[in-house]
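Worksheet: one structure, shown below.
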């Protein structure tokens with residue numbers, strides 16, 4: 453015998469762009485998002501009995517994503533995700549939970565001759581601001597915010613030594629190395645009971661995002677890193693200190709390697725150790741270090 457253990461469905465990769473026009477100043481602001489919305493509830497018979505009467509069409513879900521972007525602010529994305537998820541619970545009694553993911557793509561205002569242009573922007577790298585929301589009748593509104601794809605590198609100020617050495621080890625110890633990674637940082641908020649609770653004090657979300665980003669960059673740059681593990685723990689501690697309503701902070705950091713190249717075979721060039729200047733960036737394999745830090 454078989455049974456349906458879990459099910460959710462919806463619309464993914466919905467591209468949304470919204471422009472805010474300040475008529476008084478002539479300045480425009482833009483937000484571009486990729487949205488995913490997956491629904492759960494009393495939908496078993498659509499799988500087990502070919503009963504489509506319980507299915508909210510994914511086309512309807514797509515259209516709702518657009519309409520809610522028109523009806524509500526899309527910034528901060530945490531608030532938009534909460535509004536969107538709550539709509540499906542209010543509209544459809546048989547839907548028990550909505551799982552929303554919002555990826556905000558980075559558009560940065562162009563400066564011309566030292567002045568910000570009122571309506572022109574450039575893509576500032578592949579970094580995104582992400583939000584995942586689970587809005588359910590049972591548990592309320594659970595929010596997780598994130599920074600993804602923030603690529604950073606420093607050419608010194610990182611070491612790695614004192615690790616386990618045995619018959620499987622070829623890596624040499626180093627007191628000075630290149631450190632580079634693509635930041636994937638997440639922070640989980642306390643559970644909110646209603647959308648009104650999310651909206652009250654909504655500035656907390658932008659403040660936490662800016663704090664997390666600034667802490668990540670500052671700690672990465674200034675920490676005399678003994679390891680990726682220790683540096684990321686320091687980042688988590690400080691974010692928890694800055695954002696009182698955040699319960700857990702996590703990082704996933706690939707250690708992207710840059711290998712010295714021995715050029716002594718050519719005219720005796722010194723290019724290792726303290727003389728290293730030319731390196732070979734590696735696409736893989738790479739280290740991958742993760743942690744989650746919670747309030748004690």
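In the numbering used here, the protein residues as written are 453 to 748.
Ideal placement from N, C-alpha and C gives every residue a C-beta, glycine not left out.
{"Asked": "Considering only residues of the same chain and omitting the five flanking positions on each side of residue 736, which have a CB-CB separation below 8 Å?", "Found": "none"}
{"Asked": "Compare the C-beta of residue 547 against all C-beta atoms of chain D and say whether one is closer than 8 Å.", "Found": "The structure shown contains no chain D; it is built from a single protein chain."}
{"Asked": "Can you give me the C-alpha to C-alpha distance between residue 656 and residue 646, rounded to a whole angstrom?", "Found": "16 Å"}
{"Asked": "Just verifying my parser: in three-state terms, what is the DSSP assignment at residue 687?", "Found": "helix"}
{"Asked": "May I ask you to report which of helix, strand or coil DSSP gives residue 704?", "Found": "strand"}
{"Asked": "Classify residue 626 as helix, strand or coil using the three-state DSSP reduction.", "Found": "strand"}
{"Asked": "Okay, do the stretch 556–566 and the stretch 681–701 touch, 3+ Cβ pairs below 8 Å being the bar?", "Found": "no"}
{"Asked": "First and last residue of the alpha helix (DSSP H) that includes residue 667?", "Found": "655–674"}
{"Asked": "Under the three-state reduction of DSSP, which class applies to residue 456: helix, strand or coil?", "Found": "coil"}
{"Asked": "Ordered along the chain, which non-local residues of its own chain (more than five positions away) have a Cβ less than 6 Å from that of residue 704?", "Found": "636 and 742"}
{"Asked": "Please classify residue 597 as buried or exposed, where buried requires at least 16 neighbouring CB atoms within 10 angstroms.", "Found": "buried"}
{"Asked": "For the beta strand (DSSP E) that contains residue 494, what are its first and last residues?", "Found": "Element bounds for residue 494: n/a, residue is neither H nor E."}
{"Asked": "Quick check: what's the CA-CA separation for residue 621 versus residue 731?", "Found": "22 Å"}
{"Asked": "Check the DSSP bridge columns for residue 563 and list the partner residues they point to.", "Found": "568"}
{"Asked": "What beta strand (DSSP E) runs, 3 residues minimum, are completely inside the stretch 502–575?", "Found": "547–564"}
{"Asked": "Considering residue 611, what are the terminal residues of the beta strand (DSSP E) in which it resides?", "Found": "592–612"}
{"Asked": "Looking only at DSSP bridge pairs, what is residue 694 linked to?", "Found": "BP columns for residue 694 are empty, so no partner."}
{"Asked": "Could you tell me which residues DSSP puts in a beta bridge with residue 739?", "Found": "707"}
{"Asked": "Tell me whether residue 681 sits in a helix, a strand or coil according to DSSP, three-state version.", "Found": "helix"}
{"Asked": "Could you tell me the alpha carbon to alpha carbon distance between residue 723 and residue 675, rounded to whole angstroms?", "Found": "26 Å"}
{"Asked": "If we count the other Cβ atoms within 10 Å of its Cβ and call it buried at 16 or more, is residue 530 buried or exposed?", "Found": "buried"}
{"Asked": "Buried or exposed: where does residue 477 fall if 16 or more other Cβ atoms within 10 Å of its Cβ makes it buried?", "Found": "exposed"}
{"Asked": "Whose C-beta lies closer than 7 Å to the C-beta of residue 608 among residues of the same chain, with five residues either side of it excluded?", "Found": "628"}
{"Asked": "With residue 587 and residue 487 assumed to form a contact (beta carbons below 8 Å), what rounded beta-carbon distance in angstroms separates them?", "Found": "With 8 Å as the limit, residue 587 and residue 487 do not qualify as a contact, their Cβ atoms being about 14 Å apart."}
{"Asked": "Give every residue of the same chain whose Cβ lies closer than 8 Å to the Cβ of residue 738, excluding the five residues on either side of it in the sequence, and list them in chain order.", "Found": "706, 707, 708 and 709"}
{"Asked": "Among 594, 481 and 632, which has the Cα closest to the Cα of residue 610?", "Found": "632"}
{"Asked": "Please classify residue 439: does DSSP put it in a helix, a strand, or coil?", "Found": "The shown model of the chain, from 453 to 748, leaves out residue 439, and the question about it has no answer."}
{"Asked": "Enumerate in chain order the residues of its own chain whose CB-to-CB distance from residue 583 is below 6 Å, with the five nearest sequence positions on each side excluded.", "Found": "529, 530, 533, 554 and 597"}
{"Asked": "May I ask you to list the residues that DSSP assigns as paired with residue 584?", "Found": "553 and 596"}
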